[in-house]
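Everything below concerns the one structure shown next.
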Amino acid sequence: MNLVEYQRIKNNLPSKVQLVAVSKTKPEEDIQTLYDQGQRIFGENKAQEMKTKHEHLPADIQWHFIGHLQTNKIKYIVPFVTLIHSIDSFELLKEVDKLAVKNGRVINCLLQFHIASEETKFGFAFNECEAMLQNPEFQQLKNVSICGVMGMATFTDDKELVRNEFKTLKKYFNLLKDKYFATKDDFKEISMGMSEDYPIAIEEGSTLIRVGSAIFGARNYAKL
Ligand SMILES: *Cc1c(COP(=O)(O)O)cnc(C)c1O
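Residue numbers (the numbering used here): 126 to 349.
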């Protein structure tokens with residue numbers, strides 16, 4: 126844990142930007158420690174892990190889901206999740222809506238775009254997302270609220286590439302806002318920026334940075 130770095134990030138955050146502390150793979154004690162410093166938004170990328178942590182930790186934590194979500198795992202998080210950053214298909218959005226109805230909740234969602242040059246990162250292509258937004262079936266979804274966009278930049282030292290990818294996401298946000306969400310005040314979030322690139326993301330208009338290892342230290346996947 127690097128509480129000095131946590132405070133430094135917090136103190137330098139513009140007022141319009143919120144910090145999601147990405148606690149995936151990290152023990153509950155670490156989350157409690159950061160909670161005691163005042164942090165309330167935590168990000169996880171595994172549904173069952175998030176559910177267990179939610180059950181054990183303070184009820185006023187806002188849990189953000191940031192990873193690829195399989196439809197059969199939605200049920201674990203729908204009762205309590207605050208924001209799903211990673212809607213990457215129409216199928217997934219429809220399933221979230223269905224379970225949200227069952228739970229009597231409206232689930233806040235971000236549309237994840239593929240902005241990186243790597244093959245492996247999930248997310249919509251822009252035209253694919255527009256096809257969904259224009260589909261009459263999309264209009265029928267009453268228990269999901271689309272609050273903005275999310276993207277991950279290429280993992281690289283090439284800062285200009287990263288900056289351009291963030292610019293692309295911001296451009297997508299503006300296009301969607303104008304064309305589909307002009308009257309929806311809740312469509313306002315741009316989730317971009319991680320430990321290595323969040324300063325650039327903030328310069329390019331991020332409203333939600335997702336920072337893990339800079340705060341909690343390197344993750345050890347081998348231990349799991
Ligand atoms: C793990 C993860 C992060 C945090 O990454 P760090 O480099 O540790 O800050 C942010 N966003 C997503 C989608 C992640 O999976």
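No residue lacks a Cβ here, since even glycine has one placed at the ideal position from N, Cα and C.
- Judged by DSSP secondary structure, R335 falls within the beta strand (DSSP E) whose first and last residues are 333-336.
- Excluding the 5 residues flanking it on each side, I166 has same chain C-beta neighbours closer than 7 Å at Q143, L144, V145, A146, Q187, H189, in chain order.
- In the DSSP assignment, N233 falls within the unbroken beta strand (DSSP E) covering 232-238.
- Taking 8 Å as the cut-off, the beta carbon of G342 is found closer than this to the beta carbon of M126.
- Just so you know, the alpha carbons of E262 and L138 end up roughly 39 Å apart.
- Take the alpha-carbon of A326 and the one of M275: they are about 11 Å apart.
- For A339, the shortest C-beta to heavy atom distance toward ligand 1 is below 7 Å.
- In the structure shown, I191 falls within a coil segment according to DSSP collapsed to helix, strand and coil.
- Judged by their CB atoms, L266 and C254 are not nearer to each other than the 8 Å cut-off.
- Counting along the chain, the unbroken alpha helix (DSSP H) around V129 starts and ends at 128-137.
- About 5 Å separates the beta carbons of E153 and H181, which is inside the 8 Å limit, making them a contact pair.
- As the crow flies, the alpha-carbon of Q162 is around 29 Å from that of L194.
- Checking the 7 Å criterion, the Cβ of V206 is out of range of every heavy atom belonging to ligand 1.
- Distances from the alpha-carbon of K295 to those of E321, E328, S270 put E328 closest.
- Nearest neighbour of Q173 by Cα position, chosen from R335, T196, Y131, turns out to be T196.
- When the five nearest sequence neighbours on each side are left out, the beta carbons in the same chain lying within less than 8 Å of the beta carbon of S331 are those of V142, F291, I315, S316, M317, G318, Y323, in order along the chain.
- Annotation for E169: the continuous beta strand (DSSP E) segment containing it runs 166-169.
- In this structure, the CA atom of E130 is about 10 Å from the CA atom of N136.
- Counting along the chain, the unbroken beta strand (DSSP E) around L208 starts and ends at 208-212.
- Residue state for L217 is assigned as helix, using DSSP reduced to three classes.
- Out of D303, N228, L218, the CA that lies nearest to the CA of I271 is found in L218.
- For F298, the secondary structure class from DSSP, reduced to helix, strand or coil, is helix.
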